[in-house]
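Take a look at the structure below.
In this note's numbering, the protein residues as written are 449 to 572.
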């Protein structure tokens, strides 16, 4: 009976260590993907450079045109799909790609906010 209890404690200890190691690897993977996202964003920087030349003052015709299909957004989505997602998807397992997409979307939104507030002539 004493041996069985000791064996049970060893198994519990091993399971706790596996859980702890799993958490460490998950965090390392998350950090690596986060760093990778920053590298990918630096490669698509030229797309953001086109924002600086855009005017925020639209006439009625431009507003109507941009309301249904903003050309800059369409260009951004096409570039991302062609240059980033199609090339990277085969190299990720699905869960890692989902994490990449989530982190990429957060970083992209933050970057777009910086760019638009930098060039916005109408501060909040």
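Using N, Cα and C, we set each Cβ at its ideal position, and we do this for glycine too.
Asked	Found
When DSSP labels each residue in this structure, what does residue 524 get in the three-state scheme?	helix
Leaving out the 5 sequence neighbours to the left and right, which residues in its chain are closer than 6 Å to residue 486 when beta-carbon positions are compared?	none
Between residue 547 and the rest of its own chain, which residues show a CB-CB distance below 6 Å, the 5 nearest in sequence each way excluded?	481
Do you know offhand how far residue 536's Cα is from residue 516's?	29 Å
From what residue to what residue does the alpha helix (DSSP H) around residue 539 run?	That residue, residue 539, is in no alpha helix (DSSP H); it is neither H nor E in DSSP.
Given a threshold of 16 other Cβ atoms within 10 Å of its Cβ, counted over all protein chains shown, does residue 552 qualify as buried or as exposed?	buried
Which first and last residues belong to the alpha helix (DSSP H) in which residue 510 is found?	508–516
What would DSSP say about residue 561, mapped onto helix, strand or coil?	helix
Which residues in the same chain have their Cβ closer than 6 Å to the Cβ of residue 527, if we skip the five residues on either side of it in sequence?	495
Which two residues bound the contiguous alpha helix (DSSP H) that contains residue 492?	Note, residue 492: premise wrong, no alpha helix (DSSP H); not H, not E.
Indicate whether residue 492 and residue 532 have their beta-carbon atoms separated by less than 8 Å.	yes
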